[in-house]
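Going letter by letter, the sequence shown gives residues 75 to 391 in my numbering.
These notes are about the structure you will find just below.
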Amino acid sequence: MQVNKEEKYIDLVIIGSGPAGLTAAIYAARMKLNFIVLEDELVGGQIRSTYSVENYPGFKIISGQELVDKFYEQALSAGATIDEFDNIVRVSLKDNEKIIETDSFIYKAETVIIATGSQYRPLPIKEEATYHGNGIHHCELCDGEMYEDKDIIVVGGGNSAIEGAIFLSRYAKTITIVHQFDNLQSEKSLQEEVLNNPKVTMVWDSEIRHAYGEGKLEEVLVENLKTKETSKIKADGIFVYIGMIPKTKMFEDQIDINKWGYIKAGETTTTNVEGVFVAGDVREKLFRQLTTANADGTVAALMAERYIVNKRRKSNG
């Protein structure tokens, strides 16, 4: 880490480059704000790993990767600066001062948009760390091809899990869906497709308790939550889709966060800290969809620009 870092005074820092962050960047660029988008992972967020998007206006069907690439290209062509390689090491958010320190720079911003999204919830077994990335996965697009003609377990029953199972059926010999309830929570069309797939077997009312294997995953122990009976299932790989955890740790004790870890903000995306806005899945709200993330990004950028203009008017007044 550099001892003496260059300080940069800037209108806006957008933290995160998922659909919300990229939408905010497009608007910020068009409003001629001096800003930067900071990202420490892949540009595009979680939607990048969705193999088929069928509910985004303007596209009958498009892959998540193709869609976020279009967002990214549009943001760049509008004039956005997106830095994927400068990790944030410290954040200080106050009404009168906002500092975002990275490995290379110290940004002093008039406004901040938090669009950090969420991360996959890990499989709650003690062997998760042992097999993480080598038997236990969260991204079917990234790792599915590794399991050609193998036995796969999918954990979960929502849209992500069922979409994942359908995609993985391209490669797998068998797919066992382990779900803690006796029904699926995914869209009806997805349910029909997966339940009619001859490769798929359902294990209802159950959870994985342990994973076993010498050097690689070989089988799992499953418990029925109603009968408490246990059984073993052969498995070469497990793909886990049991919810997301909002990425808000760096903002703890600085901003209002609810008990589930989401940042409190209404439809204006305004947080309890002046000049700080929040957009996308990390915001406390009822629905988390691609289109609502875009809407948040739009509103957050417009609110940030309004905040800057009003602040400057007062200082010049």
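Backbone N, C-alpha and C fix where the C-beta goes; we use that ideal spot for every residue, glycine too.
Runs of the beta strand (DSSP E) lying entirely within the stretch 341 to 378, each at least 3 residues long, are 350 to 352 in chain order. In the structure shown, D225 falls within a strand segment according to DSSP collapsed to helix, strand and coil. In summary, F133 is exposed, with fewer than 16 beta-carbon neighbours lying within 10 Å of its beta-carbon over all protein chains present. Assigned with DSSP and collapsed to three states, T322 falls in coil, not helix or strand. Cβ neighbours of E348 within its own chain (closer than 7 Å, five residues either side excluded): D169. Boundaries of the alpha helix (DSSP H) around T204: 202 to 205. Considered as a whole, the stretch 234 to 263 harbours no complete run of any alpha helix (DSSP H) with no fewer than 4 residues. Apart from the 5 residues on each side of it in sequence, T190 sits with its Cβ closer than 6 Å to the Cβ of I89, G90, K321, V356 in its chain, given in chain order.
Taking 8 Å as the cut-off, the Cβ atoms of I156 and T176 do not count as close. In the three-state reduction of the DSSP assignment, A152 falls in the helix class, which pools H, G and I.
Around the C-beta of T250, 16 or more other C-beta atoms lie within 10 Å, and the residue is accordingly described as buried. When only Cα atoms are considered, T366 and V229 end up about 26 Å apart. Excluding the 5 residues flanking it on each side, E147 has no same chain C-beta neighbour closer than 7 Å. Going by beta carbons, A353 and G371 fall inside the 8 Å limit.
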